[in-house]
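Peer 1: In this note's numbering, the protein residues as written are 19 to 524.
I am attaching a structure below and will ask some questions about it afterwards.
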């Protein structure tokens, strides 16, 4: 066989040692970091930058959350109770200090990610982990040369902060065990839940880890302290009617994110939880963006499970409890929440690949080469996508909205146009139309779409380039703009009532 050929085996070993050596991996990390930094200038505004940004904006103005651009939908434009509490409060403080702009919000996420990398760096250097240079390089490889971090490390979303808090909580439980660290670990786990309800996974994981050690008192202290901190999430729901509104909004959420929360009664909840657990593998193999790290992790457990268990028993246990907690108590299964597990997966994957340098069989090293190159390839693909969508949205939105009459009806716009046109302009996001479609259980025809727009006092609309072709959300637009001469430009339109239709606005 090919892999038993001595010459071929020597070649594979040489390639593998080069790829995992002191030049190749650091060079890839450096190139990826440079490209990432270059992508920060005129980085396109991601949908979540707008979604969470609007919530933070209104909290900074009103002291509570609403979404004025998503209207006539379960009271969201009056008050929204389902939001990531501490994440939005931090965003509101940043807006008060630095003004209404996407950059302070995204830079905050970037600074948290850099703090996380610093924590990882210190941990890998510590005697407790005894990582070695090869393993440390590979850990940073999976954390930086990663499609998820390349996108979300500069996006105003809570996952990077939740990940940092959760991993820090784990470190405090394992590196040096004492009462002070136990309390701090509980506070960090509870704070992770405050940032995002999915952070409850670290409360479950910490409690479970302490139980496996048979540290009963410590488990009770950790569980109680983390629950007290986490319970602050519900600080604005104790007033009469607020909690019922919260439940009503979460049970009518238009995206399929609530899963187990929609269950009524224990039997329904248990059935939903078991079904969701059975689909957990989908998170790990959602798209090519996570295949590299997930594949390396799974192969590592299959081929080197005993060795990894001996070296990283508590990390693997914590990861298992965290994933179960995320599945059962968290929101929907989606690849973005792989970020919350990423530090643990990266350490296991890096440990496996570093082990393969020690007289491993050629076919194992060959698999390692494929995994590393695949991971690098997905990072390149993500960077290509980011650079391909770059635009100066803030100035563009001002230009696109400048020609519409003031106080003459609302304007339907891409969500990113809220920067920095809110609240001066009467804006309605396309999310409004999308969610009304979900509520009605069908895609609207052109007439249905325009009739709803007029009912909501929407008199103008800006159609972005991404909606001009292959539009699956609003299929009628495919025919409407089939002959539009430039599919890379925005279209400004007026909605006419008699007859019902669209008129170009120059």
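Where a beta carbon is used, it is the ideal one built from N, C-alpha and C, also for glycine.
Quick caveat, the model's predicted, so the values are computed rather than measured.
1. At what residue ranges does the segment 149 to 206 contain a whole run of the beta strand (DSSP E), taking only runs of 3 or more?
2. Candidates 198, 408, 480, 38: which alpha carbon is nearest residue 422's?
3. Identify every run of the beta strand (DSSP E) within the segment 413 to 448, keeping only runs that are complete inside it and at least 3 residues long; order them along the chain.
4. Helix, strand or coil: which one does DSSP assign to residue 385?
5. Hey, quick one: how far does the alpha helix (DSSP H) through residue 80 stretch, first residue to last?
6. For the beta strand (DSSP E) containing residue 479, name the first residue and the last one.
7. Would DSSP call residue 510 helix, strand or coil?
8. Taking all protein chains shown into account, do 16 or more other C-beta atoms lie within 10 angstroms of the C-beta of residue 45, making it buried, or fewer, making it exposed?
9. Pick from 292, 224, 432, 378: whose alpha carbon is nearest that of residue 322?
10. For residue 359, collect the residues of the same chain with a Cβ closer than 7 angstroms to its Cβ; drop the 5 residues on either side in sequence, then sort them by chain order.
11. Excluding the 5 residues preceding and the 5 following residue 88 in the sequence, name in chain order all residues of the same chain whose CB lies nearer than 7 angstroms to its CB.
12. Indicate whether residue 309 and residue 392 have their beta-carbon atoms separated by less than 8 angstroms.
13. Which residue or residues does DSSP assign as beta-bridge partners of residue 520?
14. Quick check on the DSSP output: the alpha helix (DSSP H) that includes residue 105 runs from which residue to which?
15. How is the alpha helix (DSSP H) around residue 33 delimited, first residue to last?
16. Quick one, are the C-beta atoms of residue 439 and residue 416 less than 8 angstroms apart?
17. If you run the structure through DSSP and keep just helix, strand and coil, what is residue 211?
18. For a quick check, are the C-beta atoms of residue 486 and residue 467 less than 8 angstroms apart?
19. Excluding the five sequence neighbours on either side, which residues of its own chain have a C-beta within less than 6 angstroms of the C-beta of residue 179, listed in chain order?
20. Tell me the rounded alpha-carbon separation between residue 51 and residue 426.
21. Just the C-alpha distance for residue 104 and residue 194, rounded to the nearest angstrom, thanks.
22. Is the number of C-beta pairs between the segment 28 to 38 and the segment 134 to 146 that are closer than 8 angstroms three or more?
23. Would you mind giving the Cβ-Cβ distance between residue 386 and residue 363, rounded to the nearest angstrom? I have them listed as a contact below 8 angstroms.
24. Could you have a look at residue 491 and say whether DSSP puts it in helix, strand or coil?
25. Do the CB positions of residue 312 and residue 216 come within less than 8 angstroms of each other?
26. Is the segment 67 to 76 close to the segment 103 to 122, with three or more CB pairs under 8 angstroms?
27. Let me know if residue 444 comes out buried or exposed under the rule of 16 or more other beta-carbons within 10 Å of its beta-carbon.
28. Starting from the C-beta of residue 368, find all residues in its chain whose C-beta is less than 7 angstroms away, skip the five residues before and the five after it, and write them out in chain order.
29. Any contact between the segment 398 to 414 and the segment 160 to 175? By contact I mean 3 or more CB pairs, one from each, below 8 angstroms.
30. Which of the three DSSP states is assigned to residue 122 in this structure?
31. Does the contact criterion of 3 or more C-beta pairs under 8 angstroms hold for the segment 249 to 266 versus the segment 229 to 239?
Peer 2: A quick look at the data gives this:
1. none
2. 480
3. 428 to 431, 445 to 447
4. helix
5. 65 to 80
6. 476 to 481
7. strand
8. exposed
9. 378
10. 337, 340, 341
11. 94, 95, 447, 449, 450, 453
12. yes
13. 513
14. 103 to 116
15. 24 to 37
16. yes
17. helix
18. no
19. 130, 213
20. 47 angstroms
21. 28 angstroms
22. no
23. At roughly 16 angstroms, the Cβ-Cβ gap does not stay under 8 angstroms, so residue 386 and residue 363 are not in contact.
24. coil
25. no
26. yes
27. buried
28. 153, 156, 157, 160
29. yes
30. helix
31. no
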